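So the sequence shown is residues 1 to 362, counted in the working numbering. By construction, the Cβ of each residue, glycine as well, lies at the ideal position given by its N, Cα and C atoms. All of these numbers come straight from a predicted model, not from anything done at the bench. Encoded as structure tokens, the structure appears first; notes follow it.
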Amino acid sequence: MRCLWKKSNKYLNQKELKYSKSEIEHSTFEIKMMLTDKVRAIQRSKKVPAILVIGDLMIDHYVWGSASRLSPEAPVPIVNVTNESTTLGGAANVAQNLVSLGAKVTLSGIIGNDGFGARLKEIMTHECIETDAILEDEKRPTTVKTRVLAGSHQLVRVDREVTEPIDQQLANELIEKLDSYIEEADIVLFSDYGKGLFSADVTQRLIKLAQSKGKKVIIDPKGLDYGKYQGAFIIKPNRKELAEAAKTAQIKNIDDLQKAAKVILQQTDAEYLIVTLSEEGIVILDELTYKLLPVKATAVFDVTGAGDTVLATIAYFIASGLSIEESCELANHAAAIVIRRVGSATTTIDEILEDMAVNSKL
């Protein structure tokens, strides 16, 4: 990876990332056409990458209704429920994104022995996601985030979860079970939502197991202890997560970004950091260089789940043989598509190619 601009070029101002037209000339029409040709070649090859997703599993539960009066018991609205729905969240949403792109997906994690756990497995089976590597924990419920909405307005969110680390016996059982699945995978993803699966011990044992089998690990991190991710191939925080983990007050410019990245790269020995910047794009960093990949998001309605889409898209295309830069370029377009939709959403390769074609004309 080459450094696109000199370090002294402060294309970031004191509040937000900015870039000029000259700084995005790498996304020329010719380059995008070459990438489009590579993606179509992947489609024609019919090769299906096998991807293992390990992570915190959860259900997004929506309660829809109308509210026209306040409760006499407290100053809160009364919601007349008209509909309920459940969708996959957390690592399960990453898996759903991968299936939408065309991957063969095995999902692993911990659920409770309860109705929501059964519902989660039911949805995943319907989505053609392999669930045999999912274990039940009798000591915790399935993580559920319930959102109560009146019309399009969210009134409250109620979380059911236990975030304490899983016990040692269950951790040992999970790692033993994952041995064969890691062996069969083209690439391994960790989707850490801080719900108790990725203790330092479990995380390191899984990374070392993957390394022993020659498998690359891509991690969507959570929390402040990035030391537990030592040995990862790629770590993908967002800007706020990177600042917190590197103990930086705020990332205002490219110098701040590189300094924070250097802290994490030295701490983890990861080969790359891929930092997501919401609708502004993605930055790829190693210890010496960086590259900004901005994208033209024509509209932003909801960034929910966009990070999951980026993680899934990067993993899918790296597993399909593309470079990190090419995979991130495609992930940028995938994110631009899903943030135009409400709620956690997925996209397809054809939609990504269509978005690239539209952007090349702008």
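Next on the checklist: Spatial neighbours of L80 within its chain, please: C-beta separation below 6 Å, excluding the five flanking residues on both sides.
Outcome noted: At residue 80 the sequence reads Asn, which differs from the Leu that was named. If we look at N80 and ignore the five residues flanking it on each side, its Cβ neighbours are G65 and S66.
Item to check | DSSP bridge partner residues for T143 (one or two, in chain order) | outcome: M58
Next on the checklist: Can you check which of these residues, M34, V48 and L197, is closest to G90 by C-alpha distance?
Outcome noted: L197
Checklist entry - What residue does the alpha helix (DSSP H) around G117 start on, and which one ends it? => result G115 to H126
Checklist entry - In three-state DSSP terms, what is P112? => result Checking the displayed sequence, the identity of residue 112 turns out to be Gly instead of Pro. Of the three classes helix, strand and coil, the one that applies to G112 here is strand, per DSSP.
Next on the checklist: Whole angstroms are fine: how far does the CA of K139 sit from the CA of F190?
Outcome noted: 23 Å
Item to check | Beta-carbon proximity check, N253 vs L293, cutoff 8 Å | outcome: no
Next on the checklist: What does the alpha-carbon distance come out to for the pair S199 and V99?
Outcome noted: 27 Å
Item to check | Selection from A245, L155 and I318 that minimises the alpha carbon distance to A185 | outcome: I318
Next on the checklist: On the CB-based measure, 16 or more other CB atoms within 10 Å of its CB, does R239 come out buried or exposed?
Outcome noted: buried
Checklist entry - So, helix, strand or coil for R340, using DSSP? => result coil
Next on the checklist: Quick check: the Cα distance between I166 and E173, rounded to an integer number of angstroms?
Outcome noted: 11 Å
Checklist entry - Buried or exposed: which applies to H126, given that a residue is buried once 16 or more other Cβ atoms fall within 10 Å of its Cβ? => result exposed
Next on the checklist: Could you check whether the segment 215-233 touches the segment 101-118, counting it as contact only if at least three pairs of C-beta atoms, one from each stretch, sit closer than 8 Å?
Outcome noted: no
Checklist entry - In whole angstroms, what is the alpha-carbon distance linking A92 and G151? => result 26 Å
Item to check | For K32 and Y229, the rounded distance between their alpha carbons | outcome: 33 Å
Item to check | Rounded Cβ spacing between T309 and T347 (contact assumed at less than 8 Å) | outcome: 7 Å
Item to check | Proximal residues to T203 (C-beta, below 6 Å), its chain only, five neighbours per side dropped | outcome: K228
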